[in-house]
Amino acid sequence: MFEARLAQGSIFAKVIEGLRELVTEATWECSGNGITLQAMDSSHVALVSLVLRSDGFETYRCDRNMSLGISLTSMSKVLKMMGKDDTLTIRVNDDSDAIVLSMESQNQEEFAEYELRLMDLDSEHLGIPDTDYSCVVKMPSTKFSRICRDMAILGDSVTICSTKDGVKFGAKGDVGQGSIRLNQSTNVDKEEDAVSIELREAVALTFAVRYLNMFCKAAPLSNQVNLSMSEDTPLMCEFKVGDMGHIRFYLAPKIED
Amino acid sequence: TMTQKSITFFFGKK
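So the protein lines, in turn, are chains Z and L. Counting the first sequence from 1 gives a position; the working numbering is that position plus 99. Counting the second sequence from 1 gives a position; the working numbering is that position plus 155.
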């Protein structure tokens with residue numbers, strides 16, 4: 100049997116909203132350590148890796164490792180029926196072909212239960228190498244979302260150039276071109292508003308902005324986003340999930356022929 | 156011209 104209870108069910112709903120544009124169905128790997136998921140988008144340009152550690156749940160029980168094939172599209176629809184302060188319990192009974200989502204209102208006066216049929220999915224796993232990135236940019240996730248949305252107006256690609264002083268996002272297309280430059284914050288009251296850059300080597304990388312905009316669907320999970328970059332290496336775009344885990348999106352760059 | 160690489164070009168299949 101698998102059962103995991105999350106006092107703030109809305110966190111789980113935000114995780115699903117963060118994933119479901121990039122991947123419509125995925126296999127969840129459940130073990131005693133927690134829940135993990137790795138999936139590529141249908142064009143195999145981007146990869147997402149999710150970790151939710153067991154100690155982040157209010158209660159967690161996993162008697163044996165399980166691989167659960169789940170339609171994220173359907174799960175998202177079910178989770179929309181959850182109240183914003185509801186407690187969420189996810190359960191898979193032994194020998195069952197369904198996942199049960201139970202939602203309980205804070206005053207314990209309303210209790211809803213939905214079942215979703217599990218799917219048999221072919222999943223390929225990729226080995227993600229440990230990388231010492233040349234540059235890590237930390238910035239407010241709302242700012243990153245706004246920049247990606249604005250860049251998409253100008254063109255299909257965005258070039259991210261990072262130096263020790265700042266990071267520049269630039270795009271050009273048929274309508275024209277533009278760029279936004281952020282300097283490293285020197286003095287901020289709140290850490291979550293800061294832009295910080297850890298740099299060993301300057302980098303300039305070009306990415307399809309459409310994917311960055313899909314990654315930004317996970318921005319409501321976290322005030323800050325980390326962008327880790329090295330030349331000729333996929334970008335790692337990370338949103339923390341509270342203190343229980345993270346969503347890491349990897350995006351292959353566009354490379355000059 | 157720039158070419159979009161696949162993620163499998165960088166990360167090997169397990």
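Where a beta carbon is used, it is the ideal one built from N, C-alpha and C, also for glycine. Remember, it's a predicted structure, so these values are computed and weren't measured experimentally.
Annotation for Z:Leu187: the continuous beta strand (DSSP E) segment containing it runs 186 to 191. For Z:Glu102, the enclosing beta strand (DSSP E) stretches over residues 101 to 105.
The beta carbon of Z:Ala270 sits closer than 6 Å to the beta carbons of Met250, Leu253, Gly254, Val257 from its chain, once the five residues preceding and following it are set aside; these are given in chain order. Cβ contact annotation for Z:Ala211 (same chain, cutoff 6 Å, sequence separation greater than five): Met202, in chain order. Against chain L, the CB of Z:Ala145 has a partner CB under 9 Å away; the residue lies at that interface. Contact residues of the stretch 222 to 234 of chain Z toward chain L are Glu223, His224, Leu225, Gly226, Ile227, Pro228 (C-beta to C-beta distance below 8 Å).
Relative to the Cα of Z:Val191, the nearest Cα in the group Z:Phe101, Z:Pro333, Z:Glu290 belongs to Z:Phe101. Nearest neighbour of Z:Ser173 by Cα position, chosen from Z:Leu200, Z:Asp154, Z:Ile259, Z:Thr188, turns out to be Z:Leu200. Considering only Z:Lys289, Z:Gly272, Z:Ile296, Z:Asp288, the residue with the shortest C-alpha distance to Z:Asn282 is Z:Ile296.
Under DSSP, Z:Gln276 shares a beta bridge with Z:Lys271. Against chain L, the CB of Z:Ser142 has a partner CB under 9 Å away; the residue lies at that interface. The three-state secondary structure of L:Phe164, taken from DSSP, is helix.
Assignment of Z:Thr126 by DSSP, reduced to helix, strand and coil, places it in the strand class. Under the Cβ criterion of 9 Å, Z:Glu355 is counted among the residues facing chain L. Inter-segment contact for the stretch 100 to 118 of chain Z and the stretch 139 to 156 of chain Z is present: three or more beta-carbon pairs are separated by less than 8 Å. Rounded to whole angstroms, Z:Leu350 and Z:Gln207 show a C-alpha spacing of 43 Å. In the same chain as Z:Ser222, and ignoring 5 residues on each side of it, the C-beta atoms closer than 6 Å to its own belong to Thr126, in chain order.
Z:Lys353 sits buried, since 16 or more C-beta atoms from the chains shown fall within 10 Å of its C-beta.
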